[in-house]
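K.L.:
Using full-length UniProt numbering, read the sequence shown as starting at 1 and increasing by one per residue. Each residue gets a CB set at the ideal place from its N, CA and C atoms; glycine is no exception.
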Amino acid sequence: MPRKYTRKTTWGKTPLEEMESAASEVKEGKKSIRAAARERNIDKSSLLRFIKKKEKGEVKSVAWGAVAEAMRILTDEMEEELAKHLKQLAEQFHGLPPVKCRQLAFEYAEKNKIPVPANWTKAQSAGRLGYARDHMILSSEESDVPLDNVSDKESSEDERNDP
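1. Can you give me the Cβ contacts of A37 inside the same chain, cut-off strictly under 6 Å, excluding the 5 residues immediately before and after it?
2. Assess contact between the region 88–99 and the region 109–119, defined as three or more Cβ pairs (one per stretch) separated by less than 8 Å. Is contact present?
3. What does a CB cutoff of less than 7 Å around R34 pick up in its chain, not counting 5 residues either side in sequence?
4. Count the other C-beta atoms from every protein chain shown that fall within 10 angstroms of the C-beta of E141, then say buried if there are 16 or more, exposed otherwise.
5. What is the residue span of the alpha helix (DSSP H) that Y108 lies within?
6. Once the 5 residues before and after I73 are set aside, which same chain residues still bring their CB inside 7 Å of it?
7. Can you tell me which of the three DSSP states Q92 falls into?
8. My output table needs one value for residue 215: the three-state DSSP class, helix, strand or coil.
9. When we look at the beta-carbon of S125 and count the other beta-carbons within 10 Å, is it buried (16 or more) or exposed?
10. Less than 9 Å between the beta carbons of A118 and L82, yes or no?
11. Between V26 and the rest of its own chain, which residues show a CB-CB distance below 8 Å, the 5 nearest in sequence each way excluded?
12. State the Cα-Cα distance for the pair G127 and E28, rounded to the nearest angstrom.
13. By how many angstroms is the C-alpha of K53 removed from the C-alpha of Y131?
14. Please report the distance separating the alpha-carbon of L89 from that of K4.
15. Quick one: Cα of residue 189 to Cα of S24, how far?
Structure follows, in structure tokens:
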């Protein structure tokens, strides 16, 4: 069974709305950086860094989102389009194995001339994508169409047919 990392600290867990409200209080002059940070239990250095990024217009999210954003291959729109396509294929063929989903993601990136990592090109398939975890549209819990191995599909059909 695969392991799932459990986080042990709360660094970077401050909600964006809370950081924005603290930053607006500081900007309007209602409170100092230290007072606003202490009131909301935010590190003052993190709040100051957030204010500087907000002035430059670089704020999309809090924490490590910028690192993940820089390493992304597909944009949100592309991921949604690919997810819809995979869902449609799964409905047509009564299930879609994860390996095939990864191959289709690689083909999609290749057709759109998107630079991909070397291991994608070597394997002719995308890396292990967390689409089922990241996109609830592809989750087998949300839909009647399983995105899993064919053997699992056959066993689930037998369970559905039994009264």
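P.N.:
In short, the structure shows the following:
1. Your numbering for residue 37 matches position 37 in the sequence shown. The answer, listed in chain order, is K44 and L47.
2. no
3. Taking the first residue of the sequence shown as position 1, residue 34 is located at position 34. Closer than 7 Å at Cβ, skipping near neighbours: K44.
4. As a working note, residue 141 is residue 141 in the sequence shown. Any reading at E141 needs caution, since the residue's pLDDT is 43, under 50, leaving its predicted position unreliable; the model's value is listed next. E141 should be labelled exposed.
5. Counting from 1 along the sequence shown, the entry for residue 108 is found at position 108. From DSSP, the alpha helix (DSSP H) with Y108 extends over P98 to K111.
6. Looking up residue 73 in the sequence shown gives position 73. A109, I114 and V116.
7. If you number the sequence shown from 1, residue 92 lands on position 92. Looking at Q92 - three-state DSSP - the assignment turns out to be helix.
8. Only positions 1 to 163 of the chain appear in the structure, and residue 215 is not among them; the question remains open.
9. For the purposes of this step, residue 125 is taken as the residue at position 125 of the sequence shown. The residue in question, S125, is buried, as its Cβ has 16 or more Cβ neighbours within 10 Å.
10. In the sequence shown, residue 118 corresponds to position 118, counting from 1. In the sequence shown, residue 82 corresponds to position 82, counting from 1. No, the Cβ-Cβ distance between A118 and L82 is not below 9 Å.
11. The residue given as residue 26 occupies position 26 in the sequence shown. S32, I33, A36, L47 and I51.
12. In the sequence shown, residue 127 corresponds to position 127, counting from 1. In the sequence shown, residue 28 corresponds to position 28, counting from 1. So the alpha carbons of these two residues sit roughly 46 Å apart.
13. As a working note, residue 131 is residue 131 in the sequence shown. As a working note, residue 53 is residue 53 in the sequence shown. Summary for Y131: the model assigns pLDDT 45, below 50, so the residue's position carries little reliability, and this model does not support an answer.
14. In the sequence shown, counting from the first residue as 1, residue 89 sits at position 89. In the sequence shown, counting from the first residue as 1, residue 4 sits at position 4. L89 and K4: Cα-Cα distance of roughly 29 Å.
15. Residue 189 lies beyond the range of the chain shown here (1 to 163); nothing can be said about it.
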